[in-house]
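Novice: Numbering (my numbering) for the sequence shown: 37 to 154.
Think of the CB as a built atom: it goes at the ideal place given N, C-alpha and C, for glycine as much as any other residue.
Remember, it's a predicted structure, so these values are computed and weren't measured experimentally.
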Amino acid sequence: MATASEAPVLETLTAMTIDSIERCGMDEDTLILTRIAALVAMDAPAISYLAHVDPAIKANLTVEQVQDVLVAIAPVVGTARVMSAAGHIAEAFGFAIALAESEATSIAQAETRSRSKS
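This is the structure in structure tokens:
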């Protein structure tokens, strides 16, 4: 019997990702770039790329490396998929920036409230 969870889909995807990473012998850079290439081939939505922003940052990937992947796979997946992916990647970065700004604002507000109480 399955256990009750508030986010079963997210938990399942997280478990699958962890299992995949543990079984993969690739270095972080290659793993993330390979996953990005697979997302492009699948014409994945922005939210799928968003899940890879933090790991890409932690792996010290550059915009140029991601662009190189798009250039490398364009003849295979086609220009429409690459252009769609570029838009989705930009949208994912926009989400990531908005989330970071929101988190920073929340932290600053909490610190302000904490200081005003003392």
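Is L75 close to chain C? Criterion is C-beta to C-beta, closer than 8 Å.
Specialist: This model lacks chain C altogether, as it is built from one protein chain only.
Novice: Within the same chain, show all residues whose beta-carbon is closer than 6 Å to that of E127, passing over the 5 residues directly before and after it, in chain order.
Specialist: A82
Novice: Can you tell me whether T50 is helix, strand or coil according to DSSP?
Specialist: helix
Novice: Quick check: the Cα distance between A51 and A144, rounded to an integer number of angstroms?
Specialist: 33 Å
Novice: V45 to I68, Cα distance in whole Å?
Specialist: 21 Å
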